[in-house]
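First up is the structure itself, then whatever we jot down about it.
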Ligand SMILES: *[C@@H]1O[C@H](CO)[C@@H](O)[C@H](O)[C@H]1NC(C)=O
Ligand SMILES: *[C@@H]1O[C@H](CO)[C@@H](O)[C@H](O)[C@H]1NC(C)=O
């Protein structure tokens, strides 16, 4: 409890000074951490981004995030919200990788990111509807009223998705927000 309060206080001080210097979007950049829940196989893990999807427990050799000085090991996805749209942080004024969701699509294909300078998300996907929902001292990423999911992939990793229900071999995911006031800009693999 005490450390939570301390983090909140430090966070508030940082947000005041950061907000004065930088545009709103990047002063609120964050990563996502799976909330510890009994029985889920990805407790406390950070969400990564690769090949147009978000992942949990992604094997190190498949983490291919490019953060300037070459691929870095275990770089979590750095995200920010602008109104109700969600982006991967690609640098001040040049974030073009945007998240899109379809809550009634197939679980493994219900969430993706795309390069919004090239084209739209595809006709089955929506970009608006993201928010952060407070719960006790924390905040969690939310897409409209959908459940966030982690669905097993072939290699012990999980793809992150959004859905209306989750009784098909997927786990409910509570994606807790951890703010990062000095975000590293990265390019995430995909098209
Ligand atoms: C997005 O597409 C543009 C145009 O093709 C390209 O210059 C840019 O590098 C791409 N951004 C990312 C993050 O891949
Ligand atoms: C989501 O995907 C389903 C099935 O692929 C499609 O029928 C539906 O129109 C999509 N929803 C949206 C909002 O595009």
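Numbering (mature numbering (1 follows the signal peptide of the UniProt record, and there is no 0)), first residue to last: -20 to -1, 1 to 171. Cβ atoms here follow ideal geometry from the backbone N, Cα and C, with glycine treated the same way.
**OP:** Would you identify the three-state DSSP class for residue 119, choosing helix, strand or coil?
**Re:** Taking the first residue of the chain shown as 1, we reach residue 119 at position 139. Residue state, collapsed to three classes: strand.
**OP:** Measuring only between beta-carbons, confirm whether residue 141 sits less than 8 Å from chain D.
**Re:** Absent here is chain D; the protein component of the structure consists of one chain.
Original post:
DSSP three-state call for residue 3: helix, strand or coil?
Top reply: If you number the chain shown from 1, residue 3 lands on position 23. Below a pLDDT of 50, predicted positions are generally treated as unreliable, and residue 3, at 41, falls in that range; no measurement from the model is reported.
**OP:** From the DSSP output, in three-state form, read off residue 152 for me.
**Re:** If you number the chain shown from 1, residue 152 lands on position 172. Three-state result, residue 152: strand.
Subject >> Endpoints, beta strand (DSSP E) assigned at residue 161 >> reply: Looking up residue 161 in the chain shown gives position 181. Element bounds for residue 161: n/a, residue is neither H nor E.
Subject >> Inter-residue spacing [alpha-carbon to alpha-carbon] between residue 169 and residue 18 >> reply: Counting from 1 along the chain shown, the entry for residue 169 is found at position 189. Counting from 1 along the chain shown, the entry for residue 18 is found at position 38. C-alpha separation (whole angstroms): 32 Å.
**OP:** State the DSSP-derived secondary structure class of residue 42, mapped to helix, strand or coil.
**Re:** The residue labelled residue 42 in the question sits at position 62 within the chain shown. Here residue 42 sits in helix by DSSP.
Original post:
In terms of residue numbering, what span does the beta strand (DSSP E) encompassing residue 143 cover?
Top reply: What you label residue 143 is simply residue 163 of the chain shown in a count that begins at 1. Taken as a continuous stretch (DSSP letters only), the beta strand (DSSP E) holding residue 143 covers 138 to 143.
Original post:
Is the beta carbon of residue 105 within less than 7 Å of some heavy atom of ligand 2?
Top reply: Counted from its first residue, the chain shown places residue 105 at position 125. Yes, since a heavy atom of ligand 2 falls inside the 7 Å radius drawn around the Cβ of residue 105.
Subject >> First and last residue of the uninterrupted beta strand (DSSP E) at residue 77 >> reply: Along the chain shown, one-based indexing puts residue 77 at 97. It spans 77 to 81 - the beta strand (DSSP E) in which residue 77 sits, taken as one unbroken run.
Original post:
In whole angstroms, what separates the C-alpha of residue 120 from that of residue 84?
Top reply: Working through the chain shown from its first residue, we reach residue 120 at position 140. Working through the chain shown from its first residue, we reach residue 84 at position 104. Cα to Cα, residue 120 sits roughly 21 Å from residue 84.
Original post:
CB of residue 82 to nearest heavy atom of ligand 2: below 7 Å?
Top reply: Position 102 of the chain shown, counting from 1, holds the residue named residue 82. True, at least one ligand heavy atom lies under 7 Å from that Cβ.
Original post:
Cβ of residue 109 versus every heavy atom of ligand 2: is any distance shorter than 7 Å?
Top reply: Counting from 1 along the chain shown, the entry for residue 109 is found at position 129. Answer for residue 109: no, Cβ out of range of ligand 2.
**OP:** Under the assumption that residue 57 contacts residue 81 (Cβ atoms under 8 Å), give the Cβ distance between them as a whole number of angstroms.
**Re:** Reading the chain shown from its first residue, position 77 is the one you call residue 57. Reading the chain shown from its first residue, position 101 is the one you call residue 81. The Cβ separation is near 15 Å, so there is no contact.
**OP:** Report the three-state DSSP secondary structure of residue 26 (helix, strand or coil).
**Re:** Working through the chain shown from its first residue, we reach residue 26 at position 46. Of the three classes helix, strand and coil, the one that applies to residue 26 here is strand, per DSSP.
Original post:
Beta carbon of residue 97: closer than 7 Å to some heavy atom of ligand 1?
Top reply: Stepping through the chain shown from its first residue, residue 97 is reached at position 117. Result yes, Cβ under 7 Å from ligand 1.
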